[in-house]
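Chemist:
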Amino acid sequence: MTSAWAGIMRKEPNGEIGTLPPAETDWRRAVLVSEAHERAALWARAEAVRRDHFGDGIFVRGVIEVSNFCRQNCVYCGMRRENETLARFRLGREMILRTILEDLPASITDLNFQAGEDPVALRELVLPVVEEVAKEKPDLGISICLGTVDFRLYDDLRQAGAQGYIIKLETGDPEQYRRFQCPGTLERRLEAIHYLAGTGWSVSSGLIYGLPNQTADQAVRTLELLASLPLSGCSVSPFVPGEGTPLSSARAADLDETLNVVAALRLSSPRWIIPAVSAMNLFDPLGYVKALRAGANLATINLTPSTWRENYPLYRRNRWIMTEERVLRAIDEAGCEPRRESWLAFSRSPSASSPCLPSDRSTPEDASSIWTGLQREANHRGGR
Numbered sequence: 036m037t038s039a040w041a042g043i044m045r046k047e048p049n050g051e052i053g054t055l056p057p058a059e060t061d062w063r064r065a066v067l068v069s070e071a072h073e074r075a076a077l078w079a080r081a082e083a084v085r086r087d088h089f090g091d092g093i094f095v096r097g098v099i100e101v102s103n104f105c106r107q108n109c110v111y112c113g114m115r116r117e118n119e120t121l122a123r124f125r126l127g128r129e130m131i132l133r134t135i136l137e138d139l140p141a142s143i144t145d146l147n148f149q150a151g152e153d154p155v156a157l158r159e160l161v162l163p164v165v166e167e168v169a170k171e172k173p174d175l176g177i178s179i180c181l182g183t184v185d186f187r188l189y190d191d192l193r194q195a196g197a198q199g200y201i202i203k204l205e206t207g208d209p210e211q212y213r214r215f216q217c218p219g220t221l222e223r224r225l226e227a228i229h230y231l232a233g234t235g236w237s238v239s240s241g242l243i244y245g246l247p248n249q250t251a252d253q254a255v256r257t258l259e260l261l262a263s264l265p266l267s268g269c270s271v272s273p274f275v276p277g278e279g280t281p282l283s284s285a286r287a288a289d290l291d292e293t294l295n296v297v298a299a300l301r302l303s304s305p306r307w308i309i310p311a312v313s314a315m316n317l318f319d320p321l322g323y324v325k326a327l328r329a330g331a332n333l334a335t336i337n338l339t340p341s342t343w344r345e346n347y348p349l350y351r352r353n354r355w356i357m358t359e360e361r362v363l364r365a366i367d368e369a370g371c372e373p374r375r376e377s378w379l380a381f382s383r384s385p386s387a388s389s390p391c392l393p394s395d396r397s398t399p400e401d402a403s404s405i406w407t408g409l410q411r412e413a414n415h416r417g418g419r
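Under the working numbering, the first residue of the sequence shown carries the number 36, and numbering increases by one thereafter.
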């Protein structure tokens with residue numbers, strides 16, 4: 036058998052392919068590099084795990100990108116501080132409040148404030164807006180994605196009414212982290228995650244898959260590190276060469292392999308909140324739908340006013356913008372429906388055991404059951 040799964044698989048007496056109990060690293064590696072004929076079973080298994088824990092409901096949040104100023108210089112990001120071709124902006128407070136308090140789509144139950152690592156925007160813009168939104172819309176879950184800042188600012192945001200913080204690692208491999216000039220230091224990011232989780236936040240993280248010259252070992256190390264952290268959720272974005280960056284001519288990630296990572300996240304941490312990301316639609320018009328079918332359970336509507344969207348180039352200016360119509364259609368095409376519950380409220384409920392502890396997740400002890408389920412599905416599909 037010439038497959039990534041060879042070596043942890045065996046032929047059963049009935050002719051079906053069974054599995055040997057793999058170590059956790061082994062099953063993650065095999066999942067990441069699953070071949071085309073194996074992926075359908077992998078994604079179906081991850082979708083089934085998502086359904087077991089969340090049903091067919093998909094959480095729907097909105098994101099408003101409040102600033103593209105950034106003090107970091109990540110080589111993969113179009114908002115890096117050395118990108119002098121980018122027109123910088125910070126949205127006005129009244130514009131943000133009008134968008135949220137008057138024009139918020141009815142399907143949204145959570146709101147994410149996102150920006151480059153911009154402490155000025157955080158202090159002078161996001162903090163007062165969060166306080167007002169929390170008073171006016173107390174049922175709206177509020178999350179923040181503004182990078183690593185002084186821990187006192189985290190405390191101020193928490194007191195203002197925010198409940199979730201997204202702090203992405205992008206890679207958990209120390210050598211990659213330095214080479215791609217990821218934000219600050221890996222140690223500082225990990226310290227922030229533990230501080231946030233320890234002070235009552237629901238914390239999510241994320242990674243980029245397919246960075247130039249990334250090895251399977253590096254990707255596995257990142258997944259293992261993420262699985263060890265006190266997180267409520269995690270995202271994966273396919274690498275897209277960013278305009279105005281040193282990696283602008285690099286090769287993009289493979290979508291199917293990125294979907295394998297979505298599935299690996301779901302299998303490793305069944306109760307995590309895992310977003311489908313809009314970048315997947317740059318590779319395939321059904322990329323977003325495929326992410327939901329591979330285990331994702333959160334969709335995001337972009338609320339940033341159109342005048343400023345093109346100057347928020349996480350990867351490139353002509354991003355795929357997920358409107359409410361596109362999000363709801365993708366959810367429907369995935370055979371799901373929007374949940375009316377805030378994902379932050381869910382992740383903080385006792386039944387969700389949030390923040391998820393490593394003991395809540397798949398471990399080497401139950402990795403064999405994951406593998407058995409994967410192969411059962413593969414055999415079933417192979418017999419059709």
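In this text, a Cβ means the ideal position worked out from N, Cα and C, and glycines have one as well. Owing to the predicted nature of the structure, the values given are computational and were not obtained by experimental measurement.
(1) Just curious, the alpha helix (DSSP H) that Arg256 is in, first and last residue?
(2) Evaluate Asp319 with the Cβ neighbour count: other Cβ atoms within 10 Å of its Cβ, from every protein chain shown; 16 or more gives buried, anything less gives exposed.
(3) Look at Arg64 and Val255 and say whether their C-beta atoms are less than 7 Å apart.
(4) Given that a residue counts as buried once 16 or more other Cβ atoms are within 10 Å of its Cβ, and exposed if not, what is Asp87?
(5) For Asn103 and Gly330, I'd like the C-alpha separation in whole angstroms.
(6) Here's a check: name, in chain order, each residue in its chain whose Cβ is nearer than 7 Å to the Cβ of Glu167, leaving out the five neighbours to either side.
(7) Using a Cβ-Cβ cut-off of 7 Å (strictly less than) and excluding sequence neighbours within five positions of Leu192, which residues of its own chain qualify?
(8) How big is the Cα-Cα spacing for Ile228 and Glu152?
(9) Short of 6 Å in beta carbon distance, which residues of its chain neighbour Trp355, apart from the five on each side in sequence? Order them along the chain.
(10) Within 8 Å, do at least three Cβ pairs link the region 195-207 to the region 261-274?
(11) Where does the unbroken beta strand (DSSP E) through Thr102 begin, and where does it stop?
(12) When DSSP builds the beta bridges, which residues end up paired with Gly176?
(13) Pick from Pro265, Asp138 and Ser284: whose alpha carbon is nearest that of Phe274?
(14) Here's a check: name, in chain order, each residue in its chain whose Cβ is nearer than 8 Å to the Cβ of Pro281, leaving out the five neighbours to either side.
(15) With H, G and I counted as helix, E and B as strand and the rest as coil, what does DSSP make of Gly330?
(16) Give me whichever residues DSSP pairs with Ile366 in a beta bridge.
(17) Cβ atoms of Asn295 and Leu67: under 7 Å apart, would you say?
(18) In this structure, how does DSSP classify Ile201 when only helix, strand and coil are distinguished?
(19) I need the boundaries of the alpha helix (DSSP H) containing Ser239, first residue and last residue.
(20) Is the region 126-141 in contact with the region 75-86, if contact means three or more CB pairs nearer than 8 Å?
(21) Let me make sure I understand the geometry here. Which of Ala81, Ala75, Glu70 and Ala71 has the alpha-carbon closest to that of Ile309?
(22) Pull the bridge partners of Asn337 from the DSSP assignment, please.
(23) Determine the extent of the beta strand (DSSP E) in which Gly268 is found, giving its start and end residues.
(24) Between the C-alpha atoms of Leu77 and Pro140, what's the straight-line distance to the nearest angstrom?
(25) Using three-state DSSP, classify Ile308 as helix, strand or coil.
(26) Could you tell me whether the Cβ atoms of Leu327 and Ala369 are closer together than 7 Å?
(27) Could you tell me whether the Cβ atoms of Ala334 and Ile93 are closer together than 7 Å?
(28) Considering only residues of the same chain and omitting the five flanking positions on each side of Gln211, which have a CB-CB separation below 6 Å?
(29) Among the residues of its own chain, which have a CB less than 8 Å from the CB of Arg223, if the five just before and after it don't count?
(30) Where Ser142 and Arg301 are concerned, what is the direct C-alpha to C-alpha distance, given to the nearest angstrom?
(31) DSSP three-state label for Arg116, please.
Modeler: Walking through what the data contain:
(1) Ala251 to Ala262
(2) exposed
(3) yes
(4) exposed
(5) 30 Å
(6) Leu132
(7) Leu162, Val165 and Ile179
(8) 16 Å
(9) Ser313, Asn316 and Leu317
(10) yes
(11) It is Ser, not Thr, that sits at residue 102 in the sequence shown. Per DSSP, Ser102 belongs to the beta strand (DSSP E) from Gly92 to Ser102.
(12) Asp145
(13) Ser284
(14) Val110
(15) coil
(16) Answer by DSSP bridge pairing: none, since Ile366 is not bridged.
(17) yes
(18) strand
(19) Run containing Ser239: none in the alpha helix (DSSP H); it sits in the beta strand (DSSP E), Ser237 to Tyr244.
(20) no
(21) Ala81
(22) Val98
(23) Gly268 to Pro273
(24) 34 Å
(25) strand
(26) yes
(27) yes
(28) Gln253
(29) Thr183
(30) 24 Å
(31) coil
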